[in-house]
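Asker: One structure, pasted below without further comment.
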Amino acid sequence: MFTTIQDFVKEWTFESTATQRVLDTLTDASLAQRIAPDFRTLGQLAWHITTTIHEMLTRTGLEFDAPEGEEHAPASVKVIADTYRASAASLKNAIESQWTDAKLTETVDMYGEMWANSATLRILISHEIHHRGEMIVLMRQAGLRVPDIYGPTREDWLERGMQPLV
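Following the working numbering from start to finish, the sequence shown increments by one per residue and tops out at 186.
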């Protein structure tokens, strides 16, 4: 959990930038990729990450502009990526302007449980990382090159003349 707003902002900036890089790599055609019938498409996962920012954090009392709900994903990767970019920035600005460090220890009802605001921020980031991982698998299936996030990708190793471990 976070103990300062600045700690959250630092981690959010890194993780939301990583998510943005993933979204910016998608193509309109790749949005239909799914692991199997009756599972979310790559586009729906991307839109879910994008809309969860507002859906989750406004439950804490934060006020900021961002799309709400789980409506169907747009068919345009540009719309999804641009909306995520705006939502991530809007959340950062809202936390910096509306909360103090003391607000992190306050609890609110989140989905029938009482969560500290600091826990909600941690869960938001973990939730995004979880779905970003699912998206990367679908991106590979769709033939897209995935960006490096926590280290080099297979393609990065090959470009460096090294043999990646299998």
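All C-beta atoms in this analysis are idealised placements derived from N, C-alpha and C, irrespective of residue type, glycine included.
For a test of the three-state rule: what should DSSP assign to ALA162, helix, strand or coil?
Answerer: Of the three classes helix, strand and coil, the one that applies to ALA162 here is coil, per DSSP.
Asker: Taking buried to mean at least 16 other C-beta atoms within 10 Å of its own C-beta, is GLY63 buried or exposed?
Answerer: Burial call: buried.
Asker: Please say whether TYR131 and THR39 have beta carbons closer to each other than 8 Å?
Answerer: Taking 8 Å as the Cβ cut-off, THR39 and TYR131 do not qualify as a contacting pair.
Asker: Whole angstroms are fine: how far does the CA of SER36 sit from the CA of HIS147?
Answerer: In a straight line, the C-alpha of HIS147 is about 12 Å away from that of SER36.
Asker: Suppose you measure from the CA of GLU75 to the CA of GLN118; what does that come to, to the nearest Å?
Answerer: Going from the Cα of GLU75 to the Cα of GLN118 covers about 17 Å.
Asker: DSSP beta-bridge partners for GLU133?
Answerer: Paired residue(s): MET130.
Asker: As a quick exercise: from ARG174, ILE149 and HIS150, pick the residue whose alpha carbon is nearest that of ARG160.
Answerer: Nearest option by C-alpha distance: ARG174.
Asker: In this structure, does DSSP put THR140 in helix, strand or coil?
Answerer: THR140: helix per DSSP, three-state reduction.
Asker: Could you please give me the residues that DSSP links to THR61 through a beta bridge?
Answerer: ARG54.
Asker: Determine whether the beta carbon atoms of THR127 and MET134 lie at a separation below 8 Å.
Answerer: Going by C-beta atoms, THR127 is nearer than 8 Å to MET134.
Asker: Count the other CB atoms, across all protein chains shown, that sit within 10 Å of the CB of PHE28; report buried if there are 16 or more and exposed otherwise.
Answerer: So PHE28 counts as buried.
Asker: Secondary structure at LEU185, three-state DSSP: helix, strand or coil?
Answerer: It is coil, neither helix nor strand.
Asker: For PRO167, which residues from the same chain have a beta carbon less than 7 Å from its beta carbon, with the 5 sequence-adjacent residues on both sides left out?
Answerer: Only ARG41, VAL42 and THR45 meet the Cβ criterion.
Asker: Taking DSSP as the reference, what is the three-state secondary structure of LEU111?
Answerer: Of the three classes helix, strand and coil, the one that applies to LEU111 here is helix, per DSSP.
Asker: Can you look up GLU116 in the DSSP assignment and give me helix, strand or coil?
Answerer: Of the three classes helix, strand and coil, the one that applies to GLU116 here is helix, per DSSP.
Asker: If you reduce the DSSP assignment to three classes, tell me which class ALA86 lands in.
Answerer: Correct three-state label for ALA86: coil.
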